[in-house]
Each structure stands twice: as structure tokens, then as C-alpha cells.
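What follows is one structure encoded as C-alpha cells, with my remarks underneath.
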Amino acid sequence: MIDFRYHLVSLVSVFLALAVGIVLGAGPLKEPIGESLQSQVDALRSDRDNLRSDLDAAKGNIDKQNEFVTAAAPELINGTLDGQEVSIIAAPEADSEQVEEVSNRVKEADGTIAGDVSFVPNTLSLADSAQFLKKLRKLVPNLPKDDSTAIRAALVIALTGDASMLEDEDDQADAEKQAAKLYDAFVEADRLRTDTDHKTTSLFIVIDNENSTLAEDTQPSPQASDDKGTRTLVTDFITALTAEATSVVVAGDAGSAQNGLVNVLRSEKSRASTVDGLGLGAGPVITVRALASGEDGRHGHFGFAEDAESILPGKIEDKPSDDTQKGDAQ
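Just so we're aligned: 184 in numbering that gives the first Met the number 0 is position 185 of the sequence shown, and the numbers increase by one with no gaps anywhere.
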């Protein structure tokens, strides 16, 4: 049984320990402890100030580059899309002002908007797709057996008029004749939104969601989030589209470059060109120039993010005029 003396000794020990701590803290250890803490605080403040300075300098550089590209837009893009027809594909939540700004820049480059469509969350989804697939396969019986691939192939045929992903040449010819009906099937099933009539093109600009987010998992799985699953379907579609189109540019804002479609395509080394900074005045200018560069067979990743290869593509090859082409033919 613990007696009173045991309690007394315990209490004395506690108070002695406290007293020793107070003496050491106020005496011989006070100065080194204080100096160490102060040194750490000073180092953190210095790092913070340096980081703030670096960020301010980087922002200043981006602002200057953005102002230059925007001011030089006429020299950079005029005539680069001379007479070319362009389709714009907008992600479900794409910023309408960004879409309009890109459209305006395409026109400034002497191109025309042949198609303007918006994806919806289920554009490429297999959810509730039985009747939809039945209709697609009736129009093109030799679509790929895999349902997801079939939907993707049907959309590519609808937009490009090219069915070279099918193995048989007769199947290709028959499928290409169904491009308009495939397009209508997507619209009627509420899998595409558009105010424009159907017209196939070989030049495409895909505009990602504003402030796009992507699931943090780097390896998608069947259990990945809906957002990640959608991204996987979209990236597969972009890959299929680039195989049939002459030039494909995927453009987005800073969020897309960090966590969205632009980031994914850059990490996958996609053949599609990408542009970040669509929220800046320079973004649409860079996008149009990248599209024209892709028409020349040159693809790359452009903008202001760290993983961009350069701000914008280099010299665009001059397009031969109609008179030159006629002269060459003679």
C-alpha cells in the first residue's frame, strides 16, 4: 500500500524537475535556445521573401510576354489559316467567353468556323448507351466491337468524315457517307450540343474546362472518380481524333495546365498540340498559331507553364495561293 511518504517524495521530485527546467531555461541554456529559434525564424522569413520575389518576377515576365503576344497578334496570326475551316469543341463547362475569343482569333487568321459543338458529361459515356449504340451500329455495322471504342470511332467519323480506323476500305467508304447521320445521332441523343449545321473538317480546337480539376491518382483505375474516368475517355478520343485530323490543339487555362486535360496530354506526350494560358489575352493567339503550325506537320506544347516547350510556335509556312496552285498544276 502506497503511504504518505511515497506521495510526498513524488511531489518533491516533480517540483525539483520544474525548478531545474526553469533554472536552465533562464540561465546557461537560455541564450543558445533563443539564438537557435531566432535563426530558424530568420531563415523562414528569408525563404518566404525570396519566394515572394521569385513569384513577383515570374508574374511580371508572364505579364510582359502576354502583353507582347496580344499586341503582336495581327503579325502573328493574320493569314495563317487562309481559307481553312475549323471546328471548335468545347468541354462541358468551358468558359463561353474563352470560346468566343478563340473563334474571333480564328476569323482574324482568315479561317472560318465550320463547326461549334459542346461536349456534355455523357458524350462518350457507356452509361444508358444500349439504344444509342444500336443506332450507331445500324448506321455503321462494322464499328469496332468494343462499345467504348465504337462510340469514340463514330464521333471521330462524324466530325472528320474520315473512317480510316476501320480495316476494310469498303467499310471506310460506307462509313464516311454516314458522317452527317452519325453527327445527328449524337445531337438527337443529347450527347452533343450545337447551333451549327454539320460540316466535317480536319482542323480542331478543343477547349478544356475553366479551372479544370483532375483526380489526384496518377494511375486511373475502374474505381477512379467520375472526373478521372471522363478524362480517360476524353484523352482516348483526342488520340483517335489526331489520327484522322490534320491538326488538333487542346487549349485550357492555368488550371488545365496543372490538373486538367492539357496536363494529362503533355504527360502522355500526345500528338495533339496543347496551349495553356487561355485565360490571358495571348492564349487564343497562341492557340490559332499552334493550329496553323500543326497544319504544317509541327506539333508542340505552348504557353506559359513550366512544361511548355515555348510560348508560341515558330515561323508558319506560307500557304500557296490559288493562282500558285493552278500554275503548278499547269
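We put the CB at the ideal spot given by N, CA and C, even for glycine.
Since the model is a prediction, treat every value here as computed from it, not as a measurement.
Report task. Could you say if the region 296-310 and the region 259-278 meet the contact criterion of at least three C-beta pairs nearer than 8 Å? Result -> The region 259-278 and the region 296-310 touch, with three or more beta-carbon pairs separated by less than 8 Å.
Report task. Could you work out which residue in Ala307, Asp161, Phe131 and Ala129 is closest to Ala179 when comparing CA atoms only? Result -> Taking Ala179 as reference, the option from Ala307, Asp161, Phe131 and Ala129 with the minimal CA-CA separation is Asp161.
Query raised in the report: Is the shortest distance between the beta-carbon of Asn258 and the beta-carbons of chain D less than 9 Å?
Result: Absent from the structure is chain D; it holds one protein chain and no more.
Report task. Kindly provide the ranges of any beta strand (DSSP E) runs that are 3 or more residues long and lie completely inside the region 106-157, ordered along the chain. Result -> For the region 106-157, whole beta strand (DSSP E) runs of length 3 or above, ordered along the chain, are 111-118.
Query raised in the report: alpha helix (DSSP H) containing Ala256: first to last residue?
Result: In the DSSP assignment, Ala256 falls within the alpha helix (DSSP H) that extends over Ala253 to Asn258.
Query raised in the report: Going straight from the alpha carbon of Asp81 to that of Arg288, what length do you get?
Result: Their Cα atoms are separated by approximately 12 Å.
Query raised in the report: Among Leu232, His197, Ala93 and Asn258, which has the Cα closest to the Cα of Ser124?
Result: If we check each option's Cα against that of Ser124, Leu232 comes out closest.
Query raised in the report: In three-state terms, what does DSSP make of Ser266?
Result: In the structure shown, Ser266 sits in a helix (DSSP, three-state: H, G or I).
Query raised in the report: Less than 9 Å separating the beta-carbons of Thr111 and Val284?
Result: Contact: no.
Query - Which residues DSSP lists as bridging Arg192, in chain order - result: Per the DSSP secondary-structure output, Arg192 pairs in a beta bridge with Ser117.
Query raised in the report: Do you know offhand how far Pro73's Cα is from Val105's?
Result: Pro73 and Val105 have their C-alpha atoms roughly 12 Å apart.
Requested in this report: For Ala178, name the three-state secondary structure that DSSP assigns.
Outcome: DSSP, reduced to helix, strand and coil, places Ala178 within a helical segment of the structure shown.
Query raised in the report: Should Gly259 go down as buried or exposed, given a rule of 16 or more other Cβ atoms within 10 Å for buried?
Result: Gly259 should be labelled buried.
Query raised in the report: Of the choices Val119, Gly313 and Gly296, whose alpha-carbon is the least far from that of Glu187?
Result: Comparing Cα positions, the closest option is Val119.
**Report entry** Residue range of the beta strand (DSSP E) that includes Thr273
**Finding:** Its beta strand (DSSP E) spans residues Ser272 to Val274.
Query - Same chain, Cβ closer than 8 Å to Ala56, neighbours up to 5 away in sequence not counted - result: Because the pLDDT of Ala56 is 46, which lies under 50, any placement of that residue in the model is unreliable, and the question is left without a value.
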